[in-house]
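Take the sequence shown: its position 38, counting from 1, is numbered 38 in the UniProt record's numbering, and each next residue is one higher.
This report refers to the structure that appears directly beneath it.
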Amino acid sequence: MIENNSYTAQSCATSISQAATRLAGHGLSEKDHGSEYLGKDSASSAIDQENHDTDQLASQLMQFVRLIQQTDQEFQAVDARLSSQIMEQIEVLAPSYSADFTPRAGLF
1 MIENNSYTAQ SCATSISQAA TRLAGHGLSE KDHGSEYLGK DSASSAIDQE NHDTDQLASQ
61 LMQFVRLIQQ TDQEFQAVDA RLSSQIMEQI EVLAPSYSAD FTPRAGLF
């Protein structure tokens with residue numbers, strides 16, 4: 001069963017977005033420019049790669065958030081369209097009432 005719950009979709013999107021923001025803002029490593037030690041160059045390269053990977057992950061998470069929001073919007077549109085179509089069918093099929101109707105004798 002597919003169930004559309006806009007609150008759940010938006011709640012998930014918000015949580016993922018907040019995580020991506022924290023990654024992008026606080027997840028980056030900083031280099032020590034003042035010290036000299038063995039392996040500093042390879043550590044510097046590793047830090048650059050880690051920062052690049054963190055940025056990529058944050059970007060992918062934000063893209064995923066946009067997909068969640070787009071899917072929710074599409075579900076909302078489909079729900080509205082189906083609801084409208086159902087209401088149209090109900091109105092077409094609704095029994096009519098006529099107080100002037102009198103069955104002919106002998107038919108029933």
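We put the CB at the ideal spot given by N, CA and C, even for glycine.
query: For the candidate residues Val78, Asn51 and Ala99, whose alpha-carbon lies nearest to that of Ala24?
result: Of Val78, Asn51 and Ala99, the residue nearest in Cα terms is Asn51.
message: Looking only at its chain, what residues have a beta carbon closer than 6 Å to the beta carbon of Tyr37, apart from the 5 residues adjacent to it on each side?
response: Result list for Tyr37: empty, nothing under 6 Å.
message: Suppose you measure from the CA of Asp41 to the CA of Ser6; what does that come to, to the nearest Å?
response: Spanning the alpha carbons of Asp41 and Ser6 requires a straight line of approximately 49 Å.
message: Between which two residues does the alpha helix (DSSP H) holding Ser17 run?
response: Counting along the chain, the alpha helix (DSSP H) containing Ser17 begins and ends at Ser6 to His26.
message: Among the candidates Ala46, Leu61, Gln56 and Ser45, whose CA atom is the shortest distance from the CA of Ser15?
response: Checking every option, the nearest Cα to that of Ser15 belongs to Leu61.
- prompt: So, are the CB atoms of Val65 and Ala13 less than 8 Å apart?
  reply: A Cβ-Cβ contact shorter than 8 Å links Val65 with Ala13.
query: In chain order, what residues of the same chain lie with their CB nearer than 8 Å to the CB of Gln56, ignoring the 5 residues before and after it?
result: If you ignore the 5 residues before and after Gln56, its C-beta comes within less than 8 Å of no other C-beta in its own chain.
query: Between the C-alpha atoms of Leu107 and Val92, what's the straight-line distance to the nearest angstrom?
result: A straight line joining the alpha-carbon of Leu107 with that of Val92 spans about 27 Å.
task: Decide if Ala105 is buried, meaning its Cβ has at least 16 other Cβ atoms within 10 Å, or exposed.
output: Its Cβ having fewer than 16 others within 10 Å, Ala105 is exposed.
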